[in-house]
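What follows is one structure encoded as structure tokens, with my remarks underneath.
Residue numbers (the numbering used here), protein chains in the order written: chain A, 18 to 301; chain B, 1041 to 1279.
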């Protein structure tokens, strides 16, 4: 195989690993709370600024900045649920979407007010590694491994704990849960905190690869939603697999044509999938 | 252990403007098996929903021992010993049998005894043990009913509320389910069972209430009701 194509495929898989985290977070929150966090990519943006600020301005070690980012964004997820989503739980979906969409603009505007529109960089980049015939970015590889570890931890939690099992159960039937002693409101909080934590982890992995600015959410937010819908909204495994598929499509699209074109190809694939399988690629 | 009496007095309840229950009173003493029978739409399911806190009554009192059921949130009721097997079972079809049982053991007091309770439920329903890794939605109706009852038993309840356990099952399976109900109550568990299958249910309960259009129109021991001419003509196909 052409080593450049191979490199594009490998890069696509690595990219998919980073998409996978916000996709899992969005699907988890949607599956449990039944509300789409339209401002999800902006939560990631806040996490990126958090790491950037603590590392470059406050002089924290990078690992400490990462460790602080997770609870900060998790807390943001909890606040989002308590202040915006919870009062609207019985409102029509359009109201919920507009409300979380409003939070998107508040976070964007807030970031602009505090940090300005400059592109901020951590200035850490690891040298590319040579694997066989191809070059792989060390940062991307580490981000990929961290994303897989995060997804693995989430899976273990959902599969083996009481709360995790209740989360999988509530996604199917929320009314019956109190009969088993489960308080749905508490499960919503847990899901929102985990959704926030995943956004925080995604922020850590993205901030070492991309410069952060107030509109960074726009560069991966739409694609995240697209992947969720493509895998079947609320379907964790479907979203996880679709993230890798989309990563490879974008990356090889860039190989055949160019980077701008690759997103056009990705959206075209999305539209085709929606016509062929409106409920998602992996809908049962 | 001291048992608690379930007692309802003057319960009125409904959905929006629709009133489903009118001044319903009912008592279930510890260790008793009591039935609530009546035609479709009589308010039987609503009555169980009031007891398990899914629906708050508009008037009247509902107590289990000293606890005021209307004052507690629904999710607190398994903790005081009330387990409800809802209408249509409401299993989690995409989870395995064992995971369904695990959700049934969600409350802290049940988590501590998960292994024991699982053995107990598997002892009572060996079929569930054979199928513990199978997805609940892929089992037969009778097996799903066993799983739903097993899920309710996981929290070591004092009283088991059963809503139409025979609905949608073949006659042979219905007989099995009622045999299980008999076994559960033989172990000292209090049972309140709502049924349209009057002939069968009168064989397993001590007493029963007849509910019609949201009111209790008759009550008595199983023997009294089984020989009551009105009940016979209305429910038992007798003349």
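Think of the CB as a built atom: it goes at the ideal place given N, C-alpha and C, for glycine as much as any other residue.
- When the Cα atoms are used, residue 68 of chain A and residue 137 of chain A turn out to be separated by approximately 11 Å.
- Contacts with chain B at 9 Å (Cβ-Cβ) do not include residue 205 of chain A.
- Residues are counted here when their Cβ sits less than 8 Å from a Cβ of chain A; for the segment 1147-1177 of chain B these are 1147, 1150, 1151, given in chain order.
- At a beta-carbon threshold of 8 Å, none of the residues of chain A lie near residue 1220 of chain B; the nearest stands roughly 19 Å away.
- When DSSP states are grouped into helix, strand and coil, residue 1171 of chain B belongs to the coil group.
- Here DSSP, grouped into helix, strand and coil, assigns residue 1063 of chain B to strand.
- At least one CB of chain A lies nearer than 9 Å to the CB of residue 1093 of chain B.
- At a cut-off of 9 Å between beta carbons, residue 190 of chain A contacts chain B.
- Counting every other CB atom within 10 Å of its CB across the protein chains shown gives residue 99 of chain A a total below 16, marking it as exposed.
- Residues of chain B with a Cβ closer than 8 Å to the Cβ of residue 198 of chain A are, in chain order, 1115, 1116, 1117, 1118, 1119, 1146, 1147, 1150, 1195.
- Around residue 1126 of chain B, the beta-carbon contacts reaching into chain A at under 7 Å are 193, 196.
- The DSSP assignment places complete beta strand (DSSP E) segments of no fewer than 3 residues inside the segment 1200-1261 of chain B at 1230-1235, 1247-1252, 1255-1261, in order along the chain.
- When beta bridges are read from the DSSP output, residue 1054 of chain B appears opposite B/1059.
- If you look at residue 1102 of chain B, you'll find it in the beta strand (DSSP E) that goes 1099-1104.
- Straight across, the Cα-Cα distance linking residue 1077 of chain B with residue 53 of chain A is about 44 Å.
- With a cut-off of 8 Å on Cβ pairs, the segment 1180-1195 of chain B is in contact with the segment 1211-1229 of chain B, counting three or more such pairs.
- Secondary structure in the segment 137-177 of chain A: the alpha helix (DSSP H) runs of 4 residues or longer, each lying completely within the stretch, are 155-177 in chain order.
- Taking C-beta separations shorter than 6 Å and ignoring five residues to either side along the sequence, the partners of residue 55 of chain A in its chain run 114, 117, 118, 121, following chain order.
- DSSP lists B/1233, B/1248 as the bridge partner or partners of residue 1075 of chain B.
- Collapsing the DSSP output to three states places residue 108 of chain A in coil.
- Nearest CB-CB separation between residue 185 of chain A and chain B: below the 9 Å threshold.
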